[in-house]
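Working notes, structure below.
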Ligand code: C5P
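In this note's numbering, the protein residues as written are -4 to 293.
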């Protein structure tokens, strides 16, 4: 159990995610899209530091100046917990960013989930998992996933989360094309024939539950083709990634970050080094289990 003492402070790690599949089933009456996605935490992570302040005070600092301010999901996460419980405990939260912004890797959403989990424990609020998931969904569609982490089936607009068994660990090479893709714009660009029936996600879920070989050949992201059309830099990066030796390249979320999975570190490192020496923004990460993602207090 965390103890947030007047003189004490602690760190948490907020892991990024990739979408192993992303089926978009259709557009909902509320303007959001109905999704079916298997999401997976990976070892690229932001770091948060928590420190007690006198009651009523909230301070937030991020090392990326553009992300400072009360609009940040970290600040809003702390306020959401206060509004839900009446808790007046003061806190200072420092955020060290490592996960790129607007990358399709859920960085801001993961930071928010980290705040909900850490302060619920540190402030002794005792909110139930269901209540925390409600608060998470109120902060953003990807935040509920990060309350579970690991390998998780995500449905609805993102608020329905079902934990799956951890995948066998694999190496993940991530490449961020140098273009910003806005999530609303990526969803708006979809046409009805981009919608998928959820079968790819259902097949992957069945295979993960069965514990056998995973159908990694058939992963799909319904947003990918349209994003590649609208942003040629993404299509070009996908081709470069393939030329560097990755046989299957996928986009995460609404992009633009692309990823490839490897069971061999030698192979992953070769692709990573090729892309790095070509001047690409690239990371060599690995999958992160649920226990590791949720035990994120350092
Ligand atoms: O929930 P969040 O604010 O993160 O979503 C950002 C935007 O992404 C939404 O305003 C919407 O345009 C799009 N979105 C969507 N369907 C989802 C999730 C997000 O259309 N399931």
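Backbone N, C-alpha and C define an ideal beta-carbon position, used for all residues, glycine too.
> So is residue -4 buried or exposed if we call it buried at 16+ other beta carbons inside 10 Å?
Replying inline: Its pLDDT being 43, under 50, residue -4 is placed unreliably in this model, and the value from its coordinates should be taken loosely. Burial call: exposed.
> Where does residue 43 sit, in a helix, a strand or coil, going by DSSP?
Replying inline: strand
> Of the residues 220, 93, 32, 145, which one's Cα is nearest the Cα of residue 17?
Replying inline: 32
> Are the Cβ atoms of residue 241 and residue 255 separated by less than 8 Å?
Replying inline: yes
> Looking at the structure shown, is residue 191 part of a helix, part of a strand, or coil, going by DSSP?
Replying inline: coil
> For residue 154, which of helix, strand or coil comes out of DSSP?
Replying inline: coil
>> Looking at ligand 1, does it come within less than 7 Å of residue 105, judged from the CB to the closest heavy atom?
In response: no
> Is the closest heavy atom of ligand 1 to the C-beta of residue 32 under 7 Å?
Replying inline: no
>> Is residue 261 close to chain C? Criterion is C-beta to C-beta, closer than 8 Å.
In response: The question asks about chain C, but that chain is absent: this structure has only one protein chain.
> With DSSP run on the structure shown, which of helix, strand or coil describes residue 216?
Replying inline: strand
> Which same chain residues, not among the five before or five after residue 127, have their C-beta less than 8 Å away from its C-beta?
Replying inline: 111, 112, 115, 142
>> Give me the DSSP bridge partner(s) of residue 166.
In response: 257, 281
> Between which two residues does the alpha helix (DSSP H) harbouring residue 15 extend?
Replying inline: Where residue 15 is concerned, there is no enclosing alpha helix (DSSP H), although the beta strand (DSSP E) it sits in stretches over 4 to 22.
> Hey, quick one: how far does the beta strand (DSSP E) through residue 53 stretch, first residue to last?
Replying inline: 53 to 57
> Does DSSP classify residue 290 as helix, strand or coil?
Replying inline: coil
> Taking the beta strand (DSSP E) that residue 85 falls in, what are its first and last residues?
Replying inline: 85 to 91
>> Between residue 190 and ligand 1, is there a pair consisting of the residue's CB and a ligand heavy atom that are separated by less than 7 Å?
In response: no
>> Rounding to the nearest angstrom, what Cα-Cα distance links residue 48 and residue 87 in this structure?
In response: 6 Å
>> I need the straight-line Cα distance from residue 104 to residue 61, nearest angstrom please.
In response: 16 Å
>> Quick check: the Cα distance between residue 14 and residue 162, rounded to an integer number of angstroms?
In response: 13 Å
> In whole angstroms, what is the alpha-carbon distance linking residue 168 and residue 25?
Replying inline: 35 Å
>> At the level of alpha carbons, what is the spacing between residue 138 and residue 92?
In response: 17 Å
> Closest to residue 39 by CA distance: which of 140, 276, 45, 9 is it?
Replying inline: 9
> Within the present structure, is the beta-carbon of residue 136 separated from the nearest heavy atom of ligand 1 by less than 7 Å?
Replying inline: yes
> Under the rule that 16 or more other beta-carbon atoms within 10 Å means buried, what is residue 35, buried or exposed?
Replying inline: buried
> In the structure shown, what three-state DSSP assignment does residue -4 receive?
Replying inline: Here the model assigns residue -4 a pLDDT of 43, short of 50, so the residue's position is not dependable, and the following value carries that caveat. In the structure shown, residue -4 sits in coil (DSSP, three-state: anything other than H, G, I, E or B).
> For residue 109, does the count of other Cβ atoms within 10 angstroms reach 16, so buried, or fall short, so exposed?
Replying inline: buried
> Do you know offhand how far residue 286's Cα is from residue 145's?
Replying inline: 7 Å
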